[in-house]
Each structure stands twice: as structure tokens, then as C-alpha cells.
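According to UniProt numbering, the residues represented by the sequence shown are 1 to 648, in order.
Glycine residues also receive a C-beta, built at the ideal position from the N, C-alpha and C atoms.
All values reported here derive from a predicted model rather than from experimental measurement.
The structure appears right after this line, and notes come after that.
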Amino acid sequence: MGIRFIRVLISIWAITSCGLSWGLSNEEFKQSFESARKGKWSHVDAEVQQHVLAPYIEFHRLKSQLPKLSPEAIQQFAETYPDTPLYGWLKKHATSAYGKARKWDAVVALNSKAPADVAGRCIYYRAQLISDQALAFEGGRSLWLHGKPLPDECDDLFKAMISRGEIDNHMIWQRALLSLENGNTRLAKYVARKLTDDSWTPTRSYLKTIIQNPNALLDLPQKVSNRIEVSPLVTAVMVNLANKKIHEAQVLWPKVKSKYAMNENDIAVVNKALARNSYKLPADQRDENTYLRLIEAGNADWIEPVLREAIVASKWHTVLYWTESVRGMATDNSYYQYWRARAFEQLGDQVKADAAYKIAATQRDFYGFLAAEKSSLPYALNSAAPQVNDKDLLAIDSFPAIQRISALWAINEHGLAMDEWSYLINSSPAKSGLFAEYALKNEWYGLSVQATILGRHWDYVAHRFPPAYKELFTQWADERGVDPILLMAIARRESAFNKDAVSPVGARGLMQMMPSTAKQVGRQQDVPYRHGDQLFDQEMNVQLASSYVQTLLEKYDGNVIATLAGYNAGPNRTDRWLAESNGSFDQFIESISYRETRDYVKAVLTYRVIFESLDGDEVISVLEPSERGITQYLSKNDTGPSKTAAIP
């Protein structure tokens with residue numbers, strides 16, 4: 001526990017000794033807190049009102065009274081607790097509850113302007129139909145012209161506007177096309193069903209036809225062309241087709257473009273969609289126009305797939321061609337400069353290679369660090385730190401938000417603590433650097449990282465990469481015989497040191513273990529793992545994850561690249577990538593077909609260099625030769641032993 005964190009606790013004790021006694025123990029308050037969440041008010045201790053987290057109990061009490069609760073009571077709550085995120089949450093709940101109860105006056109009284117969320121805006125503009133129709137119609141139209149599904153709260157508003165003609169058939173058709181262009185064909189057909197005028201029947205039917213058969217664009221009925229503008233229709237159909245079936249789109253586009261008079265903007269939109277999706281085309285299905293569209297766009301993200309193909313195939317002239325085709329700021333990106341240097345090197349032009357390596361070496365990332373090694377230059381950490389003084393840091397100790405964060409942390413409400421922290425920083429963005437320093441000094445490492453993200457302080461390297469849980473990682477690294485800094489780098493990438501993190505697919509904890517993987521590892525290592533919630537315990541999480549990393553390192557003969565790919569995407573996929581690899585280690589990384597995994601491998605290796613540098617260790621290499629060994633898998637029919645070779 002940090003010295004400054006102890007001072008925070010002392011500050012809290014001082015507050016309680018001056019009259020604001022918390023009264024309840026952490027466990028007693030947590031029990032009352034859970035009861036308040038469930039609406040069991042008879043189980044809520046009366047002494048909670050003296051606790052620093054009393055606003056949370058009051059929040060649940062007021063929320064339970066909705067929609068009967070008055071807007072004035074909610075405003076009073078805001079005035080009583082002005083520095084918490086609770087008012088915003090309560091206001092959102094109240095707006096929703098008032099809308100369901102059709103208490104439109106209350107909605108308007110509570111909201112001086114349209115809420116930020118879509119559901120809230122729909123409720124707000126529906127309420128304004130009574131008092132300010134012009135505002136309601138303007139807001140409703142801006143919501144309607146959207147190509148994605150909208151929440152049910154919008155139905156009332158749209159129904160009223162359609163019945164009054166404020167959303168007419170042309171706007172209905174416009175949204176149907178937006179939905180189609182966005183790839184949501186079901187929504188497009190649903191919206192088109194609102195075209196109830198008989199004169200629109202052929203158009204509605206034709207939309208269903210071209211969704212099923214885009215080639216029907218070549219046979220546009222006159223009844224349809226007389227009703228609508230053809231160019232937006234063609235654009236929507238072609239963009240949707242390009243996103244889903246790029247080869248069919250590439251074949252159809254020249255025929256359609258020559259048949260109809262399209263405006264230049266729509267032509268550009270379709271060409272961009274074709275370029276953006278061209279990476280899905282096998283090489284033998286690309287034509288001259290495929291590459292011309294990529295060159296015309298000059299977009300780094302769209303060019304990257306064909307550049308990667310050239311890299312993996314060691315086509316160095318092609319690598320130079322595509323790196324020269326990228327426009328904008330990306331041209332100085334370490335990725336492009338590094339691969340230009342590699343290409344020049346392979347083609348025998350060391351002078352140009354050295355120049356490109358030196359440009360890449362100025363950047364703090366994977367290829368920047370590799371380029372630094374090539375140039376015999378130090379790694380460019382490009383580190384900065386906030387300019388703060390002790391007086392300002394001391395003043396933060398007494399912030400009510402800090403008291404609440406400490407108390408929330410003490411009762412394991414880490415998510416709410418993070419919400420409080422984010423609200424504090426967003427309320428005072430100019431102080432985000434100060435808050436980052438405060439969190440680092442207090443060993444609130446997850447909050448330190450969060451402060452740099454919210455404040456966009458990318459050069460506060462020590463605050464972005466704090467030594468969180470270092471003793472724990474060292475303990476289990478020593479036990480497993482793996483690099484502790486590698487474990488730290490994995491955890492930093494996986495959870496940003498948030499031990500309560502849960503991924504969309506269910507991975508949990510510091511090192512984002514999947515419960516199924518944890519169960520398997522626990523059984524192999526005789527670890528008493530029984531259920532997924534145990535992964536929120538940092539000890540259990542690191543114990544199991546470090547064992548899994550050890551297993552992968554053994555499987556891949558110490559190859560850290562393959563180990564990280566296996567940790568992120570699974571061993572089966574990694575085995576396939578390895579089986580197809582015949583290049584150097586950097587080419588192997590670019591051969592990984594999953595962008596997420598490519599980025600993951602490069603990020604973790606970058607983080608390891610940063611952690612080692614901050615720790616004062618001498619960093620010899622991004623990857624030691626023994627960590628670059630690529631297992632050369634034999635054919636599936638060969639059951640003989642694998643062979644491992646260190647590659648340059």
C-alpha cells in the first residue's frame with residue numbers, strides 16, 4: 001500500500017472524527033447497499049445516511065419511486081450531490097420511466113435539452129410534440145434518417161410524425177436506402193412497408209427484388225424510375241453488395257455505372273466501398289480496376305491487406321510500390337517505414353534502408369523498436385510526465401469523489417469506483433494529468449491508466465504502464481519459469497490491470513482467462529478452480545494464466561510470438577498459421593490472418609520493452625533469438641517430431 005494511499009485513509013479518518021461518522025463497517029454497509037439495490041428497504045440500516053456512500057443509497061431510494069417521483073426531487077438530488085455521476089444515471093432512468101408512463105410534462109421539466117442517448121432523445125422529442133412541435137419535428141427527422149435499428153422508445157414519435165405527414169414517403173424511402181447501404185436488409189424491408197401509398201407499391205416490391213437479386217438493377221422498371229432518384233438506389237445496393245459479396249459487386253459495377261447517369265459523389269462512395277472490401281478478393285479475382293481504386297483512395301487501412309500479401313510472399317518491389325501508394329500522415333508511420341526499409345535491404349539498397357529505419361525508430365511501437373535495433377539506436381520511449389506540485393496532490397486527498405472511490409474500493413465495488421474516477425476526470429479535463437499522477441502515487445494503477453486514456457496523455461509512459469501487481473506476477477513467473485514482464489505485458493493488454501474486467505466473449509480478470517480454459521488448466525495443475533467468478537481473484541487468475549502461458553511456451557519451443565498468438569486466438573489457429581509460414585519472424589506476424597491477433601502480438605511485445613525500460617532493466621532485444629524459433633510443422637500425414645529453427 002502506497003504512502004499517499006495511507007494518507008487518503010488518514011484523511012477519511014479525519015473527516016469521520018470531525019462529525020461525519022461512517023458508523024457502519026464495510027461489510028455492514030455492503031449488506032445495506034445490496035438491500036437497497038433489491039428494493040428491500042426494511043433491511044437497510046438507518047446509519048447508512050452517515051456513510052460517505054450515502055448518495056448511492058439515496059440514488060436507489062429515489063429510483064425505486066419512479067415514475068411517481070417529481071422532477072423537482074431529482075433536481076434537488078443533483079444540487080445535494082453535484083460532483084457524482086449519480087444524477088446523470090438517475091436522470092436517464094427518470095426520463096425512461098416518465099416516457100413509459102407518458103408523463104410528457106415531467107420529461108420536459110427534467111430535461112432542458114435533448115439527452116445524449118438515442119432513446120432519451122426520442123422520448124424528449126415525443127414530449128415536445130405537446131409544447132414545441134417545430135423542435136419535435138426537427139429532432140425527429142434527424143433521428144429518423146438513420147441506417148441502423150432504433151430503440152422502441154422512438155416508435156411513438158415516429159408514428160405521430162408519419163400520421164401528420166412530417167415523415168413523408170420520400171423520407172421513408174430515404175431511410176430504407178440508408179438501412180440497405182448499412183447492410184441491414186431486414187430493417188430496409190421493414191421501413192419500406194411503411195410506404196402505404198398505392199403509387200409506391202411497385203417501388204416497395206422492387207426493393208425486395210433487388211435485395212434478393214442485385215443484378216435486377218440492370219432491369220429497372222419505369223414505374224420505379226419515375227418515382228425515385230436512381231443514383232441513391234444504385235449506391236445503396238452496390239455498397240451493400242460490396243460489403244457482403246465483393247466479387248459479385250466488382251463484376252456488376254461497370255455494367256450498372258455505364259447504364260445509369262450517377263452523380264460523382266455516389267460514384268465515389270461505391271468506389272470506396274469496393275476498395276475497402278478488395279482485401280476479400282483472391283488474387284486471381286482482382287482486376288486492374290481493383291488496384292486503381294486502392295491507389296486512388298490511398299487509404300492506409302485499405303492498402304494494408306495487399307501490402308501484407310506482398311510482405312509474406314517476399315515480393316519486395318511490390319512492398320515498395322504499396323508503401324509508396326499510401327497518402328497522408330500514415331506515410332511516416334513506423335509500419336510503412338520499417339517495411340520500406342526491409343524491402344530496400346532485401347533489394348540491396350542499404351542507404352535507403354538505413355534512412356527508413358531511422359524514421360521508424362523515432363516511434364514508440366513494435367516496428368519502431370525493431371527499427372531502433374536495426375539502427376543501433378536506443379528505443380524511443382518519448383516519455384513525458386505531468387507538471388504537478390505536492391500542494392495540488394495533497395489537495396486531492398480531501399475531494400469527496402476521492403473519499404467515495406476509496407470507500408467503493410473497500411467494498412469491492414471497483415466498477416463504480418472507476419465510474420466515479422471517470423466522472424471526476426471528465427468534469428475537470430484540464431486536471432487529468434494531475435489525477436494520473438495522483439493515482440500513480442497512490443498505487444491506484446488501473447485508475448492511473450484510465451486517467452491517461454481519458455486525458456489522451458499517450459506520452460505519460462510511466463502512468464500508462466505502472467508496475468501493477470508486480471510481486472504477484474514475479475511470484476508465479478518464478479513458479480512457472482516464465483518471464484514476469486511478459487505476464488505483466490499480457491495483463492496490461494488484456495485488462496489494463498482491471499481485475500474485474502469481463503470481455504464480450506466472457507474472458508475474465510487481470511489476464512482475461514476464459515472459464516473453459518481456466519477449468520482445463522486447473523484440472524491439469526490440480527488448482528481448486530470451480531467457477532468463473534474465481535477469475536476475478538487476482539491470485540487465482542495469474543496462477544492459472546501463468547500456467548497456460550508456460551504450456552504454450554513449451555508447445556511452441558519458447559517461441560513468444562506463437563505463444564502470444566495462441567493465448568489470443570487459440571492454439572489450433574496458431575498451428576495453422578505456423579504451418580503456412582516460411583519467412584522471418586516479422587513476416588510470420590504479418591501472415592496472421594486475424595488483425596486482432598496481429599495487433600495483440602505486436603502490442604504485448606511493445607509493452608514488454610516499455611516495462612523493462614521503466615524498470616531500469618537493460619533491454620537487449622524486442623525478441624531474443626531463442627524467442628523467434630518458428631516450429632516448421634510437417635504435413636498432416638507425417639507424425640514425426642517437429643523441427644525448430646531460429647530465424648533472422
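| task | Give me the Cβ distance between Val604 and Leu564, rounded to the nearest whole Å; I'm assuming they're in contact under 8 Å. | result | Counting from one through the sequence shown, the residue named residue 604 turns up at place 604. Counting from one through the sequence shown, the residue named residue 564 turns up at place 564. Yes, Val604 and Leu564 are in contact; Cβ-Cβ is about 5 Å, under 8 Å.
| request: Kindly indicate which three-state DSSP category Val388 falls into: helix, strand or coil? | output: Stepping through the sequence shown from its first residue, residue 388 is reached at position 388. Coil at Val388, not helix or strand.
| query | Quick one: what does DSSP say Arg227 is sitting in, helix, strand or coil? | reply | Residue numbering aside, residue 227 sits at position 227 when the sequence shown is read from its first letter. It is coil, neither helix nor strand.
| request: May I ask which residues mark the beginning and end of the alpha helix (DSSP H) holding Gly455? | output: The sequence position of residue 455 within the sequence shown is 455, counting from 1. Segment 445-455, the alpha helix (DSSP H) holding Gly455.
| request: Spell out a yes or no on whether the segment 424-444 and the segment 108-123 are touching, meaning 3 or more CB-CB pairs, one atom from each, closer than 8 Å. | output: no
| message | Taking the alpha helix (DSSP H) that Val619 belongs to, which residues open and close that run? | response | As a working mapping, residue 619 is identified with position 619 in the sequence shown. Where Val619 is concerned, there is no enclosing alpha helix (DSSP H), given that its DSSP letter is neither H nor E.
| How far does the alpha helix (DSSP H) with Arg340 in it reach, from first residue to last? | Here residue 340 refers to the residue found at position 340 of the sequence shown. That run of the alpha helix (DSSP H) goes 334-346.
| message | Comparing C-alpha positions only, which one of Ser142, Ala468, Arg530 sits nearest to Met511? | response | Here residue 511 corresponds to residue number 511 of the sequence shown, with the count starting at 1. With distances taken between Cα atoms, Met511 lies closest to Ala468.
| Three-state secondary structure (DSSP) at Val107? | Your numbering for residue 107 matches position 107 in the sequence shown. Note: Val107 maps to helix in three-state DSSP.
| Does the Cβ-Cβ distance between Ile246 and Asn277 come in under 8 Å? | To locate residue 246, count along the sequence shown from 1; it is residue 246. To locate residue 277, count along the sequence shown from 1; it is residue 277. The answer is yes: Cβ separation under 8 Å.
| query | So what does Val502 bridge to, in DSSP terms? | reply | Position 502 of the sequence shown, counting from 1, holds the residue named residue 502. DSSP, once it has assigned bridges, lists Arg508 as partnering Val502.
| field | Cross-strand partners of Met513 (DSSP beta bridge) | value | Here residue 513 is taken as the residue at index 513 of the sequence shown, counted from 1. Its beta-bridge partners are Arg508.
| Tyr98 versus Lys148: straight-line alpha-carbon distance, rounded | On the sequence shown, position 98 is the one that residue 98 refers to. On the sequence shown, position 148 is the one that residue 148 refers to. Near 25 Å, if we compare the C-alpha coordinates of Lys148 and Tyr98.
| query | If you draw a straight line from the alpha carbon of Tyr556 to that of Gly566, how long is it in whole angstroms? | reply | Here residue 556 is taken as the residue at index 556 of the sequence shown, counted from 1. Here residue 566 is taken as the residue at index 566 of the sequence shown, counted from 1. About 9 Å.
| said: Give me, in chain order, the residues of the same chain whose beta-carbon lies closer than 6 Å to that of Gly481; leave out the 5 immediate sequence neighbours on both sides. | reply: Here the question's residue 481 lines up with position 481 in the sequence shown. Leaving aside the five residues that flank Gly481 on each side, none in its chain has a CB nearer than 6 Å to its CB.
| field | Those runs of the alpha helix (DSSP H) which lie wholly inside the segment 53-96 and span at least 4 residues | value | Unbroken alpha helix (DSSP H) stretches of 4 residues or longer found wholly inside the segment 53-96: 54-63, 71-80, given in chain order.
| request: Please classify Lys113: does DSSP put it in a helix, a strand, or coil? | output: Taking the first residue of the sequence shown as position 1, residue 113 is located at position 113. Note: Lys113 maps to coil in three-state DSSP.
| field | beta strand (DSSP E) runs wholly inside the segment 116-184, at least 3 long, in chain order | value | Fully enclosed beta strand (DSSP E) runs of 3 or longer: not present.
| Selected residue, minimal CA-CA separation from Asp354, among Ala372, Asp365, Thr474 | One-based indexing of the sequence shown puts residue 354 at position 354. Closest by alpha carbon: Ala372.
| message | Just to confirm, is the Cβ distance from Ala385 to Thr362 under 8 Å? | response | Your numbering for residue 385 matches position 385 in the sequence shown. Your numbering for residue 362 matches position 362 in the sequence shown. In this structure, Thr362 does not lie closer than 8 Å to Ala385 by Cβ.
| query | Does DSSP put Val527 in a helix, in a strand, or in coil? | reply | Here residue 527 refers to the residue found at position 527 of the sequence shown. Coil, per DSSP.
| query | Closest by CA to Ser314, which one among Ser375, Val521, Leu447, Asp586? | reply | One-based indexing of the sequence shown puts residue 314 at position 314. Ranking Ser375, Val521, Leu447, Asp586 by Cα distance to Ser314 puts Asp586 first.
| Who are the near neighbours of Val388 in its chain, counting only those whose CB is closer than 6 Å to its CB and skipping five residues on each side? | Locating residue 388 in the sequence shown gives position 388, where the first residue counts as 1. If we look at Val388 and ignore the five residues flanking it on each side, its Cβ neighbours are Leu434, Glu437.
| task | Go ahead and label Ala134 buried or exposed: buried means 16 or more other beta carbons lie within 10 angstroms of its beta carbon, across all protein chains shown. | result | Counting from 1 along the sequence shown, the entry for residue 134 is found at position 134. Counting C-beta atoms within 10 angstroms of its own C-beta, Ala134 has fewer than 16 neighbours from the protein chains shown and is therefore classed as exposed.
| said: Just to confirm, is the Cβ distance from Leu274 to Arg293 under 8 Å? | reply: Sequence index remark: in the sequence shown, residue 274 carries index 274 (1-based). Sequence index remark: in the sequence shown, residue 293 carries index 293 (1-based). Taking a C-beta distance under 8 Å as the contact criterion, Leu274 and Arg293 qualify as a contact pair.
| field | Length-filtered (4 minimum) alpha helix (DSSP H) runs lying within the segment 184-208 | value | Listed in chain order, the complete alpha helix (DSSP H) runs (minimum 4 residues) inside the segment 184-208 are 185-192.
| request: Could you spell out the range, first to last residue, of the alpha helix (DSSP H) harbouring Tyr423? | output: As a first step, residue 423 must be located in the sequence shown, where it is residue number 423. Looking at the DSSP string, the run of the alpha helix (DSSP H) that includes Tyr423 is 414-427.
| query | Alpha carbon to alpha carbon, what distance is there between Glu420 and Val560? | reply | What you label residue 560 is simply residue 560 of the sequence shown in a count that begins at 1. What you label residue 420 is simply residue 420 of the sequence shown in a count that begins at 1. The alpha-carbon atoms of Val560 and Glu420 are separated by roughly 38 Å.
| message | Excluding the 5 residues flanking Ser21 on each side, which residues of the same chain have their C-beta closer than 8 Å to its C-beta? | response | As a position in the sequence shown, residue 21 is number 21, starting the count at 1. Residue confidence for Ser21 is low, a pLDDT of 46 falling below 50, so the modelled location carries little weight; the figure read from the coordinates is stated next. So the qualifying residues of the chain are Gln50.
| query | Once you ignore the five residues that flank Val44 on each side, which residues in its own chain have a CB closer than 8 Å to its CB? | reply | The residue given as residue 44 occupies position 44 in the sequence shown. Same-chain partners within the cutoff: Ser32, Ser35, Ala36, Ile57.
| message | Buried or exposed, going by whether 16 or more other CB atoms sit within 10 Å of the CB of Gln222? | response | Here residue 222 refers to the residue found at position 222 when the sequence shown is read from its first residue. That one is exposed.
| said: Please classify Glu612 as buried or exposed, where buried requires at least 16 other C-beta atoms within 10 Å of its C-beta. | reply: Mapped onto the sequence shown, residue 612 falls at position 612. By the 10 Å Cβ count, Glu612 comes out buried.
| query | Taking Cβ to Cβ, would you say Asp156 is nearer than 8 Å to Arg126? | reply | Counted from its first residue, the sequence shown places residue 156 at position 156. Counted from its first residue, the sequence shown places residue 126 at position 126. Against a cut-off of 8 Å, the Cβ pair of Arg126 and Asp156 comes out as a contact.
| query | Going by other Cβ atoms of all chains shown within 10 Å of its Cβ, with 16 needed for buried, is His170 buried or exposed? | reply | As a working mapping, residue 170 is identified with position 170 in the sequence shown. Result: exposed.
| Where Gly23 sits in the DSSP three-state scheme | What you label residue 23 is simply residue 23 of the sequence shown in a count that begins at 1. DSSP places Gly23 in coil when its eight states are reduced to three.
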